[in-house]
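Novice: Quick note: the sequence shown, position 181, residue 181 per the numbering used here, numbers continuous.
Sharing a structure here in structure tokens format.
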Amino acid sequence: TRSTRPQRMLKAVQKNGTKGNPESVISAIDYFCKHSEWAMNVGDEKGSILDSVVTEVNPSTVLELGTYCGYSTVRIARLLSPGTKLITLEFNPVNAAVARQIIAYAGLQDKVILVEGSSGDLIPQMKERFGIMTFDFIFLDHWKDRYLPDIKLFEECGLLRKGSVLLADNVICPGTPEYLEYVRNSPRYESKYYPAHLEYTKVEDGLEKSVFLG
Ligand SMILES: O=C(c1ccccc1)c1ccc(O)c(O)c1[N+](=O)[O-]
Ligand SMILES: [Mg+2]
């Protein structure tokens with residue numbers, strides 16, 4: 001059967017990247033998306049904002065919702081302190097298989113736990129399966145209609161602590177209006193919008209950073 005876009009992206013990483021070099025993997029994916037095929041990675045512009053927030057938080061416990069090909073997984077994992085691992089959830093098994101290979105090509109497999117399944121099923125299992133008390137940093141980049149139900153799930157499961165940082169992609173395009181309304185009007189969060197553009201385009205998009213106040 002015909003290859004998928006993520007599989008073609010993996011080939012481009014293996015061809016143009018340098019094994020064990022996360023920066024080269026990030027550049028190879030951005031080049032592929034700018035010159036060959038658009039793909040829904042967070043991209044270089046929003047990726048730089050992601051980098052700055054991760055660096056500022058310097059988290060010990062990290063969760064990513066929506067691995068896709070592992071681009072943001074690599075961006076985050078390359079910045080984590082030694083011994084810190086990030087958990088990333090991916091629903092699509094074909095994409096998960098590509099992400100594992102891209103993460104391994106970057107040499108970051110020991111810093112990443114990739115779990116296949118739906119966030120709604122897996123979030124309530126975080127404590128028992130991974131010994132997580134609370135998350136310091138959460139990156140939301142999965143199905144846009146899951147952002148709101150999943151943040152409520154984090155609260156119900158006691159996975160947030162005073163100061164937990166949630167960073168959400170695509171709050172303008174494709175958009176997550178109900179999530180935005182919730183975090184911007186809830187007294188339990190302090191939110192800030194980082195304007196940018198939809199990856200590899202001139203379309204307006206941005207990231208919303210929300211700090212849980214306890
Ligand atoms: O939903 C889409 C989408 C919708 C329609 C066509 C292509 C992609 C999308 C677009 C940009 C993103 O950064 C992103 O994370 C997603 N996503 O699926 O999670
Ligand atoms: Mg996105």
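Beta carbons are placed, not taken as given, at the ideal position from N, Cα and C, and that holds for glycine.
Pairs of beta-carbons, one from the segment 104-115 and one from the segment 59-78, closer than 8 Å: are there three or more?
Specialist: yes
Novice: Give the residues whose C-beta lies closer than 6 Å to at least one heavy atom of ligand 3, in chain order.
Specialist: By its list of ligands, the structure shown excludes ligand 3, since it contains just ligand 1 and ligand 2.
Novice: Helix, strand or coil for glycine 206? Go by DSSP, reduced to three states.
Specialist: strand
Novice: Is the beta carbon of valine 183 less than 9 Å from the beta carbon of glutamate 156?
Specialist: no
Novice: Excluding the 5 residues preceding and the 5 following glutamine 7 in the sequence, name in chain order all residues of the same chain whose CB lies nearer than 7 Å to its CB.
Specialist: Val98
Novice: Applying the 10 Å Cβ sphere with the 16-neighbour rule, what's the burial state of leucine 122?
Specialist: buried
Novice: Mind checking which residues open and close the beta strand (DSSP E) that includes histidine 142?
Specialist: No beta strand (DSSP E) holds histidine 142; DSSP gives it neither H nor E.
Novice: Can you say whether threonine 176 is buried or exposed, counting buried as having 16 or more other CB atoms within 10 angstroms of its CB?
Specialist: buried
Novice: Would the C-beta of cysteine 33 count as close to ligand 1, meaning under 8 Å from any of its heavy atoms?
Specialist: No, Cβ of cysteine 33 sits at least 8 Å from all heavy atoms of ligand 1.
Novice: Name the residue from Gly214, Ser210, Phe212 and Tyr194 whose alpha carbon lies nearest to the alpha carbon of glycine 47.
Specialist: Taking glycine 47 as reference, the option from Gly214, Ser210, Phe212 and Tyr194 with the minimal CA-CA separation is Tyr194.
Novice: Cα separation between proline 187 and glutamate 178?
Specialist: 16 Å
Novice: Leaving out the 5 sequence neighbours to the left and right, which residues in its chain are closer than 8 Å to threonine 55 when beta-carbon positions are compared?
Specialist: Closer than 8 Å at Cβ, skipping near neighbours: Leu79.
Novice: Could you pull out every residue in the same chain whose Cβ sits closer than 7 Å to the Cβ of glutamate 204, ignoring the five residues on either side in sequence?
Specialist: Only Ile172, Cys173 and His197 meet the Cβ criterion.
Novice: Ligand 1 heavy atoms versus the CB of tyrosine 68: any closer than 8 Å?
Specialist: yes
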